[in-house]
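Chains as they are written, first to last, in my numbering: chain A, 3 to 154; chain B, 402 to 514. For glycine and all other residues, C-beta sits at the position ideal for the given N, C-alpha and C.
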Amino acid sequence: MTERVKLTIPSDPKYLCLCRKVLQHLLAGHDVSEDITQRLILCVDEACSNIIKYGYDGCPDFPIEIAFSLADDRFEVQIRDYGKQCNPSQFKSRPLDKIEPGGLGTFFINEIMDEVHYCTDREKGTLLTMCKHLVKNECFPAQNKSRGSHEN
Amino acid sequence: MKIELESHRNENGSATLMIKGEIDMNSSTRVRARLTDLFQSDQNMIVVDLSGVSYIDSSGIATLVEGLQWSHNSKKIFRLTGLTPMVRDVFEIARLLTVFEVYDSKEEALKEA
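Written as structure tokens, this is what we have:
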């Protein structure tokens, strides 16, 4: 069975937490592991932040429509805005060997989600569709193992 | 979602910034402003305690990267401690965990370099 939840938030950063809470609640009812939940929340949050920053140029009064769809093995989210259209082929992630602020949001989305599609074939705005295939009880290994990091 | 920022200046010339809550596009500007103040102070070491942070996005990471860059420019020490699993995971995805000086405890982080 597929569960669907829709919400619309204003393009004001103070409402991003609402979207995160709704998604967390939805995923909690479907045995999605905590680490995958957090990664999916991150992707949706980054997509909405990009819309606020680039699509609506920081104006806080425009709509962001979000539609979540969750089945046993597939999570899909569609995010619709009516702002400035950007050319998806020009969305660039920050090269990871360059240590500088910014450019990570798109990288997170591309790294975490299995499918990412931007549709600008409309009069105004963009429809972003992102999908993630879910595997029961899957965790990201990095979450639970010691990491080879430069820790002191 | 509120974010709480609490900074302490310690006797050994270090400062601790304790962050509680969620760091996102809405709250990262406050974190950045507080870090700016700390870098402009005469403290020679700044330790950011993230043990109360349940969520961080790319704007939060970018703020900490800025802090790292300021530390290089000012020759001040900049350290992170108390990374929660969510925060650690985001650092790992961004391949930034090895770029920062990350400590398990605040006490270790506050030891002299």
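Neighbouring residues, chain B, relative to residue i (Cβ below 8 Å)
i	result
Cys19 (chain A)	Met402, Glu423, Asp425, Asn427
Gly57 (chain A)	Per Cβ cutoff of 8 Å: no residues; Gly57 (chain A) is ~13 Å from chain B at best.
Ser51 (chain A)	Asp425, Met426, Asp458, Ser459, Ser460
Glu217 (chain A)	Because chain A spans 3 through 154 in this model, residue 217 (chain A) falls outside it and cannot be assessed.
Pro15 (chain A)	Asp425, Met426, Asn427
Glu113 (chain A)	Ile494
Selected residue, minimal CA-CA separation from residue i, among the options
i	options	result
Ser408 (chain B)	B:Met426, B:Ile424, B:Ser429, B:Leu436	B:Leu436
Cys50 (chain A)	A:Cys21, A:Asp37, A:Phe77, A:Asp63	A:Cys21
Asp116 (chain A)	A:Thr122, A:Glu125, A:Val137, A:Gly105	A:Val137
Gly127 (chain A)	A:Lys8, A:Met3, A:Gln80, A:Phe110	A:Gln80
Asp75 (chain A)	A:His135, A:Thr10, A:Thr4, A:Gln40	A:His135
Gly105 (chain A)	B:Ile462, B:Val454, B:Ser452, B:Ile424	B:Ile462
Thr430 (chain B)	B:Lys403, B:Gly414, B:Arg496, B:Ser452	B:Lys403
Chain-ordered neighbours of residue i on chain A, where CB pairs are closer than 7 Å
i	result
Met487 (chain B)	Gln40
Val491 (chain B)	Leu44
Ser459 (chain B)	Glu48, Leu106, Gly107, Phe110
Whole-number beta carbon distance between residue j and residue i, since they are thought to touch under 8 Å
i	j	result
Val448 (chain B)	Leu511 (chain B)	6 Å
Glu5 (chain A)	Leu28 (chain A)	7 Å
Arg480 (chain B)	Tyr456 (chain B)	21 Å between Cβ atoms; not a contact.
Amino acids of chain B, ordered along the chain, whose beta-carbon sits closer than 9 Å to that of residue i
i	result
Ile54 (chain A)	Met426
Asp37 (chain A)	Pro486, Met487, Asp490
Under 8 Å from the C-beta of residue i: neighbouring residues of chain A
i	result
Ala495 (chain B)	Leu98, Leu106, Phe109, Phe110
Residues bridged to residue i [DSSP beta-bridge criterion]
i	result
Val118 (chain A)	A:Met132
Phe77 (chain A)	A:Leu72, A:Lys134
His409 (chain B)	B:Thr417
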